[in-house]
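The structure appears right after this line, and notes come after that.
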Amino acid sequence: MTIYCAFLCTFALSVHNPYCRMQEKEQNIPLLDCPVDYLVGDASGKILNEYGRFPCKIKCGVYAYVLRGTATATINITKYNFRPNDVLMLEPGSFLLIHEFSEDALVYYILFSSSFLEKNTFGVHSAMHLMHEKQPLLHVSEECGNVLKHTVDVMLEAANCTPSLLSSAKMVHIFNIIQLAYSEGMQEQGYIIKPQDRKQEIFQTYSKMVLNHYREWHHVARYAEELRLTLPHLCSTIKTVSGRTAGDLITDAILMDAKSQLKITNLQIKEIAIVLGFDNVAFFNRFFKSHTGLTPKAYRNS
323 MTIYCAFLCT FALSVHNPYC RMQEKEQNIP LLDCPVDYLV GDASGKILNE
373 YGRFPCKIKC GVYAYVLRGT ATATINITKY NFRPNDVLML EPGSFLLIHE
423 FSEDALVYYI LFSSSFLEKN TFGVHSAMHL MHEKQPLLHV SEECGNVLKH
473 TVDVMLEAAN CTPSLLSSAK MVHIFNIIQL AYSEGMQEQG YIIKPQDRKQ
523 EIFQTYSKMV LNHYREWHHV ARYAEELRLT LPHLCSTIKT VSGRTAGDLI
573 TDAILMDAKS QLKITNLQIK EIAIVLGFDN VAFFNRFFKS HTGLTPKAYR
623 NS
């Protein structure tokens, strides 16, 4: 068995802290942030579907393991299909839109709060960011999946002990073990490799640039300029690699952010428009309605 499984199992047996096993009546999954340094638990497809009505911006760090069932979700501007033995990593600042979980789905998770990550910036946050840039989704063998399930179960039991066996200090080490194991898994499956051709490299660079600058740069021409590419070449490359237009990716990022702010903040629509880089609220209203069929106000009230 690889270090991917062994490290997790060994360390979980020696540590602990607050935990959370989600029950059907406890629909308080902290999708935005954790109220404590970390949470460990599970959630059913029925509960997770409650959070599929609009996108959320994740403030915490998330590791999730799909024990059973299937799902589809959009992370930032990419849509993913999930199956049993998939492992997901979300870094703070990621947008998540759940489309659907099967009723039989069961997901185990370990969450790290934004404050926990900030206190451990040098070792934790930076590592998570670097890994997320490579690949947020990893498929593991059934053997490793069983070890992951056992690891979370042991952590949950440890959290119930008196006195508790986990602590925030120990969770820093657990995080480091998880990210090392995740990194190894990506290497084994060939995720950590350079793009196979120039087109893939351009697509990856463009996608990352969109996520970093969609609030400031709404036009593909600006990205082409920054990448030192001609506009036709950039557009044709993105279309070839992704099957979508370069403009679609910018639009998706803006809409994901807009929908999230409309649903989970009390900001005035004018304020949201300004944050997203629109000169005035009228331009924002037209943009939003043309892509969703609803005005921002109607969407907020829906």
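Numbering (our numbering), first residue to last: 323 to 624. All residues carry an ideal CB built from backbone N, CA and C; glycine is no exception.
Q | Enclosing beta strand (DSSP E) for Asp-570 [first to last residue] | A | Residue numbering aside, residue 570 sits at position 248 when the sequence shown is read from its first letter. Careful: Asp-570 lies outside any beta strand (DSSP E), inside the alpha helix (DSSP H) at 568-586.
Q: Would you kindly report the start and end of the unbroken alpha helix (DSSP H) that includes Asp-475?
A: For this step, residue 475 is matched to residue 153 along the sequence shown. Looking at the DSSP string, the run of the alpha helix (DSSP H) that includes Asp-475 is 464-481.
Q) What did DSSP end up calling Ile-380 once you bin it into helix, strand or coil? A) Stepping through the sequence shown from its first residue, residue 380 is reached at position 58. Residue state, collapsed to three classes: coil.
Q. From Cys-393 to Phe-376, what does the alpha carbon distance come to, in whole angstroms?
A. Numbered from 1 along the sequence shown, position 71 holds the residue referred to as residue 393. Numbered from 1 along the sequence shown, position 54 holds the residue referred to as residue 376. Checking the sequence, you will find Ala at residue 393 rather than Cys. Answer to the nearest angstrom: the Cα atoms are 16 angstroms apart.
(Q) I'd like the list of long-range same chain contacts for Phe-438, defined as Cβ closer than 7 angstroms, with 5 residues on each side in sequence excluded. (A) To locate residue 438, count along the sequence shown from 1; it is residue 116. The answer, listed in chain order, is Asp-359, Tyr-360 and Ser-490.
Q | Pair within 8 angstroms by beta-carbon distance, Ile-380 and Ser-435 | A | As a first step, residue 380 must be located in the sequence shown, where it is residue number 58. As a first step, residue 435 must be located in the sequence shown, where it is residue number 113. Cβ distance not < 8 angstroms, so Ile-380 and Ser-435 don't count as in contact.
Q. According to DSSP, is Phe-600 helix, strand or coil?
A. By one-based count along the sequence shown, residue 600 stands at place 278. Of the three classes helix, strand and coil, the one that applies to Phe-600 here is coil, per DSSP.
**Q.** Separation of Gly-363 from Leu-354, as counted between CA atoms
**A.** In the sequence shown, residue 354 corresponds to position 32, counting from 1. In the sequence shown, residue 363 corresponds to position 41, counting from 1. Between Leu-354 and Gly-363, the C-alpha separation is close to 16 angstroms.
Q. DSSP on Glu-422, reduced to helix/strand/coil?
A. On the sequence shown, residue 422 is found 100 positions in, with the first residue counted as 1. Strand at Glu-422.
Q | Option in Cys-378, Pro-458 and Ser-463 with minimal Cα separation from His-421 | A | The count along the sequence shown starts at 1 and reaches residue 421 at position 99. The shortest C-alpha separation from His-421 is found at Cys-378.
Q) Which first and last residues belong to the beta strand (DSSP E) in which Val-429 is found? A) Sequence index remark: in the sequence shown, residue 429 carries index 107 (1-based). In the DSSP assignment, Val-429 falls within the unbroken beta strand (DSSP E) covering 428-434.
**Q.** Phe-606 versus Ile-576 - alpha carbon distance
**A.** Walking along the sequence shown from the start, residue 606 turns up at place 284. Walking along the sequence shown from the start, residue 576 turns up at place 254. Near 10 angstroms, if we compare the C-alpha coordinates of Ile-576 and Phe-606.
Q.
Going by C-alpha to C-alpha distance, which of Lys-401, Asn-371, Ala-481 and Val-494 sits closest to Leu-428?
A. Here residue 428 refers to the residue found at position 106 of the sequence shown. Per the Cα distances, Asn-371.
Q) Which whole-angstrom value describes the C-beta separation of Leu-419 and Ala-386, a residue pair presumed to lie in contact below a C-beta threshold of 8 angstroms? A) For the purposes of this step, residue 419 is taken as residue 97 along the sequence shown, with counting starting at 1. For the purposes of this step, residue 386 is taken as residue 64 along the sequence shown, with counting starting at 1. About 15 angstroms; that fails the 8 angstroms criterion.
Q. Taking just the CA atoms, how far does Ile-524 sit from Cys-327?
A. Looking up residue 327 in the sequence shown gives position 5. Looking up residue 524 in the sequence shown gives position 202. Because Cys-327 sits at a pLDDT of 44, beneath the cut-off of 50, its placement in the model cannot be relied upon, and the following sentence gives the value as read from the coordinates. Using only the alpha carbons, I get a separation of about 34 angstroms.
Q. When we look at the beta-carbon of Leu-412 and count the other beta-carbons within 10 Å, is it buried (16 or more) or exposed?
A. As a working mapping, residue 412 is identified with position 90 in the sequence shown. Residue environment analysis places Leu-412 among the buried positions, since at least 16 neighbouring C-beta atoms fall within 10 angstroms of its C-beta.
**Q.** Opening and closing residue of the alpha helix (DSSP H) in which Tyr-545 lies
**A.** Indexing the sequence shown from 1 puts residue 545 at position 223. Going by DSSP, Tyr-545 is part of the alpha helix (DSSP H) stretching over 542-549.
**Q.** Where Tyr-385 sits in the DSSP three-state scheme
**A.** Taking the first residue of the sequence shown as 1, we reach residue 385 at position 63. Note: Tyr-385 maps to strand in three-state DSSP.
Q) DSSP on Gly-363, reduced to helix/strand/coil? A) Within the sequence shown, residue 363 is the residue found at index 41, counting from 1. Three-state DSSP puts Gly-363 in a strand.
Q: Kindly list the residues whose CB is nearer than 6 angstroms to the CB of Arg-537, restricted to its own chain and excluding five residues on each side of it in sequence; keep chain order.
A: Working through the sequence shown from its first residue, we reach residue 537 at position 215. Leu-598 and Gly-599, listed in sequence order.
Q.
Between which residues of its own chain and Arg-527 is the CB-CB distance below 7 angstroms, once the five residues before and five after are set aside?
A. Within the sequence shown, numbered from 1, the residue matching residue 527 stands at position 205. The sequence shown places Thr at residue 527, not Arg. Contacts found: Leu-549.
Q.
Strictly under 8 angstroms for the Cβ-Cβ distance: is Ala-580 near chain B by that measure?
A. Note that chain B does not occur in the displayed structure, where there is just one protein chain.
**Q.** Local conformation of Leu-553 per DSSP, three classes
**A.** Numbered from 1 along the sequence shown, position 231 holds the residue referred to as residue 553. In the structure shown, Leu-553 sits in a helix (DSSP, three-state: H, G or I).
Q) So what does Phe-404 bridge to, in DSSP terms? A) Here residue 404 refers to the residue found at position 82 when the sequence shown is read from its first residue. Assignment of beta-bridge partners to Phe-404 by DSSP yields Ala-393.
(Q) Alpha carbons only, please: which of Leu-551, Met-531, Val-494 and Ile-586 is nearest the one belonging to Lys-441? (A) By 1-based counting over the sequence shown, the position of residue 441 is 119. If we check each option's Cα against that of Lys-441, Val-494 comes out closest.
Q) When you compare only the Cα positions, how much space is there between Met-531 and Thr-484? A) In the sequence shown, counting from the first residue as 1, residue 531 sits at position 209. In the sequence shown, counting from the first residue as 1, residue 484 sits at position 162. Cα-Cα distance, rounded: 48 angstroms.
Q | Proximity below 8 angstroms, CB of Ile-572 to CB of Val-542 | A | Here residue 572 refers to the residue found at position 250 of the sequence shown. Here residue 542 refers to the residue found at position 220 of the sequence shown. In this structure, Val-542 lies closer than 8 angstroms to Ile-572 by Cβ.
(Q) I'd like the span of the alpha helix (DSSP H) that includes Leu-533, first residue to last. (A) On the sequence shown, position 211 is the one that residue 533 refers to. Looking at the DSSP string, the run of the alpha helix (DSSP H) that includes Leu-533 is 520-535.
Q: Output the distance between the C-alpha atoms of Thr-567 and Lys-592, rounded to the nearest integer angstrom.
A: Translated into the one-based positions of the sequence shown, residue 567 becomes position 245. Translated into the one-based positions of the sequence shown, residue 592 becomes position 270. Distance between the alpha carbons of Thr-567 and Lys-592 is about 28 angstroms.
Q: Return yes when the Cβ of Val-409 is within less than 8 angstroms of the Cβ of Val-474, no when it is not.
A: For this step, residue 474 is matched to residue 152 along the sequence shown. For this step, residue 409 is matched to residue 87 along the sequence shown. Cβ atoms of Val-474 and Val-409: not closer than 8 angstroms.
Q) Distance, Cα to Cα, Gly-383 vs Leu-470? A) As a working mapping, residue 383 is identified with position 61 in the sequence shown. As a working mapping, residue 470 is identified with position 148 in the sequence shown. About 18 angstroms.
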